[in-house]
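Participant:
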Amino acid sequence: MTGTAASGQTYNVFCVAQAGRLEYEAILFALSFRKTNPDFAGRLLIAEPTGARWSQPVRISDPVRALLTEAGAEIVPFENKHFGESYPYGNKIEAMTALPAEPFVFFDTDTVFTGPLSSVGFDFARPSASMRREGTWPEPPLYKVGYTEIWKSLYDHFGLDFESSLDLSKPDEYWQRYLYFNAGWFFGADAQAFGKRFMHYAHWIRWSTPDELASQSLDPWLDQIALPLVIHSFGGGRPGPELAGLDGAVSTHYRALPLLYARESDAAVAMVEEVTAPNAVKKVLKTYLPAKKLIYQHKGQKLRRKFDRDALPRREQVLRNAIRREGLWLR
């Protein structure tokens, strides 16, 4: 039964949604999840931010709320006390304060499911996260501090063993030698404990930034800077083959609908078009311009035919620029 790890532990799945793009992505998230995990034993949670740190309303709209609830999702409010609008990626950190102290798997809302989570070998005693990332952080300045000095300063501050985090098969001062994840999915044994430590690490890095990071941008990378430290502190590390279904046959972190059509699998595209076909869903999603044009006006399929998925650009930004030239970069 999905929602139960190989160890017999039941776990919860959560994402974060709020008014605007994320609430529409949450529809695809929840509907595809239920389609592929009909017997899920845990809770499907949609964390919803609240509080004074937003200049615009963030409450999920009533039509979207109804669709999510009908799909079996529970909408769980949480208060932004630290980040809010100043750093929206902090939602995934602060949301964990509202979750039960139980095993969890987090996914970014721009995720579509194409297979059952029961095929993924979660070991909640050894947390991990997505390796579908580029060498985005840090960007060491020439002739000054390098990767080792930057990362080691963080490990040392939090009392973590730096050497055991390294991938020694990669050369010194090459970004892949250092533990670095995409925060599109991650999991752990206790959402409360994980979230508390995630908040502690991220808060210190942002508001007590060490000298070694003085030249580094923390926005939007803060969550991805703190995440490997948190995972390492709980005895976790890089994902093994038992987790290959994530970013694979089970889940797809597509990032934006145009990227879904341009580069992701036929299964991911088919799933999106299947779960968005019912009239009740269409009525809501047609108010979201990317869905209206790419899904319902079939411009996504037209865009898809323009790209060879066996010869895509290595850097995502190059692909985004190509989509912009087609006039279909919509978010």
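The sequence shown begins at 1221 in this note's numbering and counts up by one. Glycine included, C-beta positions come from ideal geometry on N, C-alpha and C.
Work out the CA separation of residue 1442 and residue 1434 for me, nearest whole Å.
Facilitator: In a straight line, the C-alpha of residue 1434 is about 14 Å away from that of residue 1442.
Participant: Go through the segment 1410-1483 residue by residue and report every complete run of the alpha helix (DSSP H) that reaches 4 residues or more, in order.
Facilitator: The qualifying runs are 1411-1427, 1442-1453, 1477-1483.
Participant: State the beta-bridge partners of residue 1267 as determined by DSSP.
Facilitator: Note: residue 1267 sits in a beta bridge opposite 1236, 1296.
Participant: Skipping 5 residues on each side, what residues in its chain have a beta carbon closer than 6 Å to that of residue 1491?
Facilitator: Hits under 6 Å: 1252, 1332, 1334.
Participant: To the nearest angstrom, report how far apart residue 1286 and residue 1244 are at their CA atoms.
Facilitator: One C-alpha to the other measures close to 12 Å.
Participant: When the Cα atoms are used, what is the spatial distance from residue 1221 to residue 1262?
Facilitator: Confidence at residue 1221 is low in this model, with a pLDDT of 48, below 50, so its placement is unreliable and no value can be given for it.
Participant: Rounded to whole angstroms, how far is the Cβ of residue 1493 from the Cβ of residue 1515, which I believe are closer than 8 Å?
Facilitator: Sure, about 6 Å apart at Cβ, within 8 Å.
Participant: Residues in its own chain within less than 8 Å of residue 1437 by CB, not counting five upstream and five downstream?
Facilitator: Same-chain partners within the cutoff: 1357, 1359.
Participant: Who are residue 1348's beta bridge partners in DSSP?
Facilitator: Its beta-bridge partners are 1407.
Participant: Need the endpoints of the beta strand (DSSP E) that residue 1332 sits in, please.
Facilitator: From DSSP, the beta strand (DSSP E) with residue 1332 extends over 1331-1333.
Participant: Exposed or buried, which one is residue 1509 when buried takes at least 16 other CB atoms within 10 Å?
Facilitator: Looking at its Cβ environment, which holds fewer than 16 other Cβ atoms inside 10 Å, residue 1509 is exposed.
Participant: By Cβ distance, which residues of its chain are closer than 7 Å to residue 1254, with the 5 residues on each side in sequence left out?
Facilitator: For residue 1254, where only same-chain residues beyond five positions count, the Cβ hits under 7 Å are 1291, 1292.
Participant: Is the CB-CB distance between residue 1288 and residue 1250 below 7 Å?
Facilitator: Yes, the Cβ-Cβ distance between residue 1288 and residue 1250 is below 7 Å.
Participant: Under a three-way DSSP split, which group does residue 1402 fall into?
Facilitator: Three-state DSSP puts residue 1402 in a strand.
Participant: Measure the alpha-carbon distance for residue 1280 versus residue 1310 and round it to whole angstroms.
Facilitator: Cα to Cα, residue 1280 sits roughly 18 Å from residue 1310.
Participant: Is the distance from the Cβ of residue 1321 to the Cβ of residue 1410 below 7 Å?
Facilitator: Contact flag set, yes.
Participant: Whose CA, out of 1234, 1241, 1347, 1454, lies closest to the CA of residue 1504?
Facilitator: For residue 1504, the nearest C-alpha among the options comes from 1241.
Participant: Just to confirm, does residue 1357 get its C-beta within under 6 Å of one of the non-hydrogen atoms of the ligand SAH?
Facilitator: Questions concerning the ligand SAH fall outside what the structure shown contains, since it holds no ligand whatsoever.
Participant: Assign residue 1307 to buried or exposed, taking buried as 16 or more other Cβ atoms, counted over all protein chains shown, within 10 Å of its Cβ.
Facilitator: So residue 1307 ends up on the buried side.
Participant: Which stretch, first to last residue, makes up the beta strand (DSSP E) that contains residue 1325?
Facilitator: 1324-1327 is the span of the beta strand (DSSP E), which, as asked, contains residue 1325.
Participant: When you compare the segment 1339-1354 with the segment 1371-1384, are there three or more beta-carbon pairs, one atom per stretch, that lie closer than 8 Å?
Facilitator: No: fewer than three Cβ pairs fall under 8 Å.
Participant: Would you mind working out which of 1496, 1498, 1469, 1313 sits nearest residue 1484, comparing C-alpha positions?
Facilitator: Among 1496, 1498, 1469, 1313, the Cα nearest to that of residue 1484 is on 1469.
Participant: Throw me the rounded Cβ distance for the residue 1445 and residue 1482 pair, which I believe falls under 8 Å.
Facilitator: Not a contact, Cβ separation roughly 28 Å.
Participant: Do you know how far the Cα of residue 1474 is from the Cα of residue 1323?
Facilitator: Whole-angstrom Cα-Cα distance: 25 Å.
Participant: Quick one: measure Cβ to Cβ for residue 1418 and residue 1450, integer angstroms, because I've assumed they're closer than 8 Å.
Facilitator: About 5 Å; that satisfies the 8 Å criterion.
Participant: Is the beta carbon of residue 1399 closer than 7 Å to that of residue 1440?
Facilitator: Not closer than 7 Å, so no.
Participant: To the nearest angstrom, report how far apart residue 1520 and residue 1529 are at their CA atoms.
Facilitator: Going from the Cα of residue 1520 to the Cα of residue 1529 covers about 14 Å.
Participant: Candidates 1472, 1550, 1296: which alpha carbon is nearest residue 1404's?
Facilitator: Of the candidates 1472, 1550, 1296, the one whose C-alpha sits nearest the C-alpha of residue 1404 is 1472.
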